[in-house]
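Novice: Would you mind keeping the following structure in view while I ask a few things?
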Amino acid sequence: MEVFPLSPDLEHEDPFESSTGSIDEASDYDVHSLFDEKIREITAAERQMIAELTDDFARGFDPDALAREIMAVLPLLADDLFPGSYAHLLIMLLETRGKMETTQVNLTLWMRARYPTAISEPNITSITDETFFVTEIEMLRRLLSTLRGDDCKPIYWITSRPLEIGRSCEHLEASIKVLRAFEHDIWEAIQEEDEDKTIYSDTPVSTERTILTSVRAQRYDCCRATLAWNDYLRTELALTVFYQFYRKHLMETNPERAREIGWLPPLNIEVPRSTVTGRDFVDLTEWPLDSHERMVLRLMFKVAQWLGLARGLPAVHLFCDIARYFTIHEPSKTPSASYIFFMQNLTEIRLCDTSIKSQIPSPFPYRDKQFADRNRDYYIDLFKSANDLVSCLVEQTSFLEKKSGGPSVVSSDGQPQRPVNKEIQMVREFPEIRGSLVGAWQDVATASLLI
1 MEVFPLSPDL EHEDPFESST GSIDEASDYD VHSLFDEKIR EITAAERQMI AELTDDFARG
61 FDPDALAREI MAVLPLLADD LFPGSYAHLL IMLLETRGKM ETTQVNLTLW MRARYPTAIS
121 EPNITSITDE TFFVTEIEML RRLLSTLRGD DCKPIYWITS RPLEIGRSCE HLEASIKVLR
181 AFEHDIWEAI QEEDEDKTIY SDTPVSTERT ILTSVRAQRY DCCRATLAWN DYLRTELALT
241 VFYQFYRKHL METNPERARE IGWLPPLNIE VPRSTVTGRD FVDLTEWPLD SHERMVLRLM
301 FKVAQWLGLA RGLPAVHLFC DIARYFTIHE PSKTPSASYI FFMQNLTEIR LCDTSIKSQI
361 PSPFPYRDKQ FADRNRDYYI DLFKSANDLV SCLVEQTSFL EKKSGGPSVV SSDGQPQRPV
421 NKEIQMVREF PEIRGSLVGA WQDVATASLL I
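Residues in the sequence shown are numbered from 1 upward in steps of one, following UniProt numbering.
See the structure below:
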């Protein structure tokens, strides 16, 4: 008795007949061939896209000539130098440590000869802002160590990861948007003087401030990750003990296979070059600048291009945010106390980027079984949170707070709050110091404090 015959006119097929096997195998082969062909088409399209994006982003950029240009321009940056200028930023990032510190001392004397000294009592939030600002400049100096000749390690250009072309395209597109937004902000900055700069955030202690701190910390970690080939985590598979041990074993025993998988860098890394000739990515010919200002800004944009290609999106994102603190306009004769304090902060910066390690640590202590298995969900949660924060780099061109027309700030509970203004005192007279370096202070004059 037949149950639910599909068609009474068709003969029933024997499922054990061997003749159908060849047809199934051919069908499977066709499916795999179509799948492989589709993968090749997608890969070819992604390669074409990253080539076009590189042509656009690297316009007017010559990596080989940049180091020579830096060496030629650096001695000229000291002309008409003042605290907070773009030239000041480039000296802090590109000069040798000794010359950079000498410049900082000279700028401190420059400040004391023109303005009273500003002092302020530190608090928890201000210390956090100061720490972030200095460590971010220190990170930029570390990222640019190759251009100074302090680091001979290879550069892993953004185009050197063939297995991550899709992600590289996404980040290169975001880098173009970041640099275009930066170009627009610099254009506006040279049109009008702004002496309302500060490294301190007006956002009160709240959820918003916590989020801002988190994304800045994540950007810092991403910048450090670009110094090494390992880069940053991609999937939760990296949070397994087997993955970590197998990865290390394969890198040591079969480096060729590890390169195919992408766990080791290629032996030959090509430097990205643009095939497009003509104007630079940022054309300054129509900008209202003198020759010295044009030279400084041109070098600054070239450094931003180099960071975008050599280190990736996190680095150019950080550089543009830090450069927004600086200016092309010399300070006025009577700046505000907060602006004097801001310039003092810049002259007091001392950097030691050698403490920043190029190798990021493992995502969890996989060698210690007790710790690795104790709370795996914790490491997974950290991984997911980090990925969410990294997406902010792609979505936002800057993490700096935009100036608003009103003085109020809305907290996480929806209530407007006044921004926290930092109390600054101005010291106009200094005690006369005599005696040995140990400190025999005599005839100490009374300091005049003006609030």
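Note that beta-carbon positions come from the ideal geometry of N, C-alpha and C, so glycine has one too.
Taking 8 Å as the threshold (C-beta atoms), are I328 and E293 in contact?
Specialist: What you label residue 293 is simply residue 293 of the sequence shown in a count that begins at 1. What you label residue 328 is simply residue 328 of the sequence shown in a count that begins at 1. Yes, the pair counts as a contact, with Cβ atoms nearer than the cut-off.
Novice: Taking the alpha-carbon positions, what's the D283 to Q244 distance?
Specialist: As a first step, residue 283 must be located in the sequence shown, where it is residue number 283. As a first step, residue 244 must be located in the sequence shown, where it is residue number 244. Going from the Cα of D283 to the Cα of Q244 covers about 47 Å.
Novice: Does DSSP put S206 in a helix, a strand or coil?
Specialist: Position 206 of the sequence shown holds residue 206. If DSSP states are grouped into helix, strand and coil, S206 belongs with coil.
Novice: I127 to S338, Cα distance in whole Å?
Specialist: Here residue 127 is taken as the residue at index 127 of the sequence shown, counted from 1. Here residue 338 is taken as the residue at index 338 of the sequence shown, counted from 1. Answer to the nearest angstrom: the Cα atoms are 16 Å apart.
Novice: Check whether the Cβ atoms of A315 and T226 sit closer than 8 Å, and answer yes or no.
Specialist: What you label residue 315 is simply residue 315 of the sequence shown in a count that begins at 1. What you label residue 226 is simply residue 226 of the sequence shown in a count that begins at 1. Yes, the Cβ-Cβ distance between A315 and T226 is below 8 Å.
Novice: What residue does the alpha helix (DSSP H) around I119 start on, and which one ends it?
Specialist: The residue you call residue 119 lines up with position 119 of the sequence shown. Not the alpha helix (DSSP H): I119 falls in the beta strand (DSSP E), residues T117 to I119.
Novice: Return yes when the Cβ of S160 is within less than 8 Å of the Cβ of P266, no when it is not.
Specialist: Residue mapping note: residue 266 aligns to position 266 of the sequence shown, counting from 1. Residue mapping note: residue 160 aligns to position 160 of the sequence shown, counting from 1. Result yes, Cβ atoms of P266 and S160 sit closer than 8 Å.
Novice: State buried or exposed for S175, treating a residue as buried only when at least 16 other CB atoms are found within 10 Å of its CB.
Specialist: Residue mapping note: residue 175 aligns to position 175 of the sequence shown, counting from 1. S175 comes out buried.
Novice: Could you work out which residue in R142, E188, G149 and D202 is closest to R324 when comparing CA atoms only?
Specialist: As a first step, residue 324 is located in the sequence shown; it is residue number 324 there, counting from the start. It is E188 whose Cα lies nearest to the Cα of R324.
Novice: Measure the alpha-carbon distance for R279 versus R68 and round it to whole angstroms.
Specialist: Locating residue 279 in the sequence shown gives position 279, counting from the first residue. Locating residue 68 in the sequence shown gives position 68, counting from the first residue. In a straight line, the C-alpha of R279 is about 20 Å away from that of R68.
Novice: Keeping to the same chain, check which residues put their C-beta closer than 6 Å to that of I190; ignore five residues upstream and five downstream.
Specialist: Indexing the sequence shown from 1 puts residue 190 at position 190. So the qualifying residues of the chain are I328.
Novice: Identify the residues that DSSP records as bridge partners of T327: which are they?
Specialist: As a working note, residue 327 is residue 327 in the sequence shown. Partner(s): S85.
Novice: Tell me the DSSP secondary structure of A225 in three-state form.
Specialist: Against the sequence shown, residue 225 aligns to sequence position 225. Looking at A225 - three-state DSSP - the assignment turns out to be helix.
Novice: I'd like to know if the segment 40-59 and the segment 164-180 are in contact, where contact means that at least 3 CB-CB pairs between them fall below 8 Å.
Specialist: yes
Novice: State the DSSP-derived secondary structure class of L163, mapped to helix, strand or coil.
Specialist: What you label residue 163 is simply residue 163 of the sequence shown in a count that begins at 1. The answer is helix: DSSP assigns L163 an H, G or I state.
Novice: Are Y86 and F326 touching if we call contact CB-CB under 8 Å?
Specialist: Position 86 of the sequence shown, counting from 1, holds the residue named residue 86. Position 326 of the sequence shown, counting from 1, holds the residue named residue 326. For Y86 and F326, yes; Cβs fall inside 8 Å.
Novice: Between E138 and L307, is the Cβ-Cβ spacing less than 8 Å?
Specialist: Taking the first residue of the sequence shown as position 1, residue 138 is located at position 138. Taking the first residue of the sequence shown as position 1, residue 307 is located at position 307. Cβ atoms of E138 and L307: not closer than 8 Å.
Novice: On a CA-only basis, which of K99, L309, R142 and G98 is nearest F57? Give me that one, please.
Specialist: In the sequence shown, counting from the first residue as 1, residue 57 sits at position 57. Residue L309 is the option with its Cα nearest to F57.
Novice: So, helix, strand or coil for G312, using DSSP?
Specialist: As a working note, residue 312 is residue 312 in the sequence shown. In this structure, G312 counts as coil in the three-state DSSP scheme.
Novice: Spatial neighbours of R311 within its chain, please: C-beta separation below 6 Å, excluding the five flanking residues on both sides.
Specialist: Translated into positions along the sequence shown, residue 311 becomes position 311. Only L143 and T226 meet the Cβ criterion.
Novice: Could you tell me if H249 is buried or exposed, where buried requires 16 or more neighbouring beta carbons within 10 angstroms of its beta carbon?
Specialist: Within the sequence shown, the letter at position 249 stands for residue 249. Exposed, since its Cβ has fewer than 16 Cβ neighbours within 10 Å.
Novice: Do you know how far the Cα of F132 is from the Cα of V409?
Specialist: In the sequence shown, the residue the question calls residue 409 occupies position 409. In the sequence shown, the residue the question calls residue 132 occupies position 132. Note that V409 scores 37 on pLDDT, short of 50, meaning its location in the model is unreliable and no value can be drawn from it.
Novice: State yes or no: is the C-beta of R224 within less than 8 Å of the C-beta of I356?
Specialist: By one-based count along the sequence shown, residue 224 stands at place 224. By one-based count along the sequence shown, residue 356 stands at place 356. Annotated as proximal: R224 and I356, with beta-carbon spacing under 8 Å.
Novice: Reducing DSSP to helix, strand and coil, say where W263 ends up.
Specialist: Residue mapping note: residue 263 aligns to position 263 of the sequence shown, counting from 1. Correct three-state label for W263: coil.
Novice: Compare the C-alpha of L163 against each of E195, D80 and T43 and name the closest.
Specialist: As a position in the sequence shown, residue 163 is number 163, starting the count at 1. When only C-alpha atoms are compared, the closest one is T43.
Novice: Straight-line CA distance for D9 to E46?
Specialist: For the purposes of this step, residue 9 is taken as residue 9 along the sequence shown, with counting starting at 1. For the purposes of this step, residue 46 is taken as residue 46 along the sequence shown, with counting starting at 1. Because D9 sits at a pLDDT of 49, beneath the cut-off of 50, its placement in the model cannot be relied upon, and the following sentence gives the value as read from the coordinates. Taking the straight line from one Cα to the other gives about 51 Å.
Novice: Whole angstroms are fine: how far does the CA of E330 sit from the CA of L109?
Specialist: To locate residue 109, count along the sequence shown from 1; it is residue 109. To locate residue 330, count along the sequence shown from 1; it is residue 330. Cα to Cα, the separation comes out at about 16 Å.
Novice: From the DSSP output, in three-state form, read off G149 for me.
Specialist: Position 149 of the sequence shown, counted from the start, is the residue given in the question as residue 149. Here G149 sits in coil by DSSP.
Novice: I'd like to confirm something about R68: is its beta-carbon nearer than 7 Å to some heavy atom of the ligand ATP, or not?
Specialist: This structure lacks the ligand ATP; in fact it carries no ligand of any kind.
Novice: Am I right that L147 and L66 are in contact with their C-beta atoms under 8 Å? What's the rounded C-beta distance?
Specialist: By 1-based counting over the sequence shown, the position of residue 147 is 147. By 1-based counting over the sequence shown, the position of residue 66 is 66. Indeed, because the Cβ distance is near 7 Å, the residues count as touching under 8 Å.
Novice: Measuring straight from C-alpha to C-alpha, what distance separates T213 and L34?
Specialist: Position 213 of the sequence shown holds residue 213. Position 34 of the sequence shown holds residue 34. Approximately 47 Å, taken between the alpha carbons.
Novice: Give me the Cα-Cα distance between residue 453 and T275, rounded to the nearest whole angstrom.
Specialist: The shown model of the chain, from 1 to 451, leaves out residue 453, and the question about it has no answer.
Novice: Whole angstroms are fine: how far does the CA of V241 sit from the CA of M300?
Specialist: The residue given as residue 300 occupies position 300 in the sequence shown. The residue given as residue 241 occupies position 241 in the sequence shown. In a straight line, the C-alpha of M300 is about 44 Å away from that of V241.
Novice: Taking just the CA atoms, how far does I186 sit from L313?
Specialist: As a first step, residue 313 must be located in the sequence shown, where it is residue number 313. As a first step, residue 186 must be located in the sequence shown, where it is residue number 186. Approximately 19 Å, taken between the alpha carbons.
Novice: For D185, which of helix, strand or coil comes out of DSSP?
Specialist: As a working note, residue 185 is residue 185 in the sequence shown. In this structure, D185 counts as helix in the three-state DSSP scheme.
Novice: Helix, strand or coil: how does DSSP classify W287 here?
Specialist: Residue numbering aside, residue 287 sits at position 287 when the sequence shown is read from its first letter. The answer is coil: DSSP assigns W287 none of H, G, I, E or B.
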